[in-house]
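**Student:** Numbering (the numbering used here), first residue to last: 149 to 289. Virtual Cβ for every residue (Gly too), placed ideally from N, Cα, C. Since this is a predicted model, take the numbers as computed values, not measurements. My questions will all concern the structure given below.
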């Protein structure tokens with residue numbers, strides 16, 4: 149799936165997180181709603197449960213780097229649910245960019261190799277979620 153060097157870079161950077169999960173996800177959502185304020189309406193007032201889900205998903209992805217194919221069905225289903233929430237394909241790029249920028253500020257010694265590795269992972273997840281959304285939308289079309 150991913151080259152060993154990419155997997156090692158993601159793992160290494162995940163181990164270099166300087167902040168607690170709540171700080172990382174709070175910062176992520178603050179940045180997201182600044183970059184794309186229209187997305188705020190898609191989320192509940194209390195972001196804590198959503199923030200926990202986001203961080204849990206990040207952990208699952210990091211821990212599953214050698215077995216990501218096992219998550220394909222789950223990620224496609226997640227994309228279908230996000231379509232039902234009103235998420236568009238274009239918004240995946242915004243979320244991915246904001247996530248990378250947030251990680252850059254929360255991972256010690258973040259560098260371009262970290263960004264490139266995480267970008268591959270984010271793109272992989274986004275592609276699967278978009279596929280799930282498209283498959284979910286096509287029967288209704």
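Is it buried or exposed for residue 222, if we count other Cβ within 10 angstroms and need 16 for buried?
**Tutor:** On the chain shown, residue 222 is found 74 positions in, with the first residue counted as 1. Around the C-beta of residue 222, fewer than 16 other C-beta atoms lie within 10 Å, and the residue is accordingly described as exposed.
**Student:** Express the C-alpha separation of residue 204 and residue 156 in angstroms, rounding to a whole number.
**Tutor:** If you number the chain shown from 1, residue 156 lands on position 8. If you number the chain shown from 1, residue 204 lands on position 56. Roughly 19 Å between the two C-alpha positions.
**Student:** Can we say the segment 275 to 288 touches the segment 224 to 232, given the rule of at least three CB pairs closer than 8 Å?
**Tutor:** Result yes; three or more Cβ-Cβ pairs closer than 8 Å.
**Student:** Please state whether the Cβ-Cβ distance between residue 149 and residue 247 is less than 9 Å.
**Tutor:** By one-based count along the chain shown, residue 149 stands at place 1. By one-based count along the chain shown, residue 247 stands at place 99. Going by C-beta atoms, residue 149 is not nearer than 9 Å to residue 247.
**Student:** Helix, strand or coil: which one does DSSP assign to residue 235?
**Tutor:** For the purposes of this step, residue 235 is identified with residue 87 of the chain shown, where counting begins at 1. Correct three-state label for residue 235: coil.
**Student:** Alpha carbons only, please: which of 285, 184, 163 is nearest the one belonging to residue 257?
**Tutor:** Walking along the chain shown from the start, residue 257 turns up at place 109. Checking every option, the nearest Cα to that of residue 257 belongs to 163.
**Student:** Which class does residue 165 belong to by DSSP, given the choice of helix, strand or coil?
**Tutor:** In the chain shown, the residue the question calls residue 165 occupies position 17. The answer is strand: DSSP assigns residue 165 an E or B state.
**Student:** Give the straight-line distance between the Cα atoms of residue 176 and residue 217, rounded to the nearest whole angstrom.
**Tutor:** Mapped onto the chain shown, residue 176 falls at position 28. Mapped onto the chain shown, residue 217 falls at position 69. Spanning the two alpha carbons is a distance of roughly 26 Å.
**Student:** Leaving aside the five residues before and after residue 166 along the sequence, list all residues of the same chain whose C-beta is less than 8 Å from its C-beta, in chain order.
**Tutor:** Within the chain shown, numbered from 1, the residue matching residue 166 stands at position 18. Closer than 8 Å at Cβ, skipping near neighbours: 254, 255, 256.
**Student:** If you drop the 5 nearest sequence neighbours on each side, which residues of the same chain put their C-beta closer than 8 Å to that of residue 289?
**Tutor:** Counting from one through the chain shown, the residue named residue 289 turns up at place 141. For residue 289, the predicted model reports a pLDDT of 49, less than 50, meaning its position is unreliable and no value from the coordinates is stated.
**Student:** Report, in whole angstroms, the separation of the C-beta atoms of residue 269 and residue 158, which I expect to be a contact under 8 Å.
**Tutor:** One-based indexing of the chain shown puts residue 269 at position 121. One-based indexing of the chain shown puts residue 158 at position 10. So it is a contact: roughly 6 Å between Cβ atoms.
**Student:** Quick one: using the 10 Å Cβ neighbour count with 16 as the cut-off for buried, is residue 276 buried or exposed?
**Tutor:** Position 128 of the chain shown, counted from the start, is the residue given in the question as residue 276. With 16 or more other Cβ atoms within 10 Å, it is buried.
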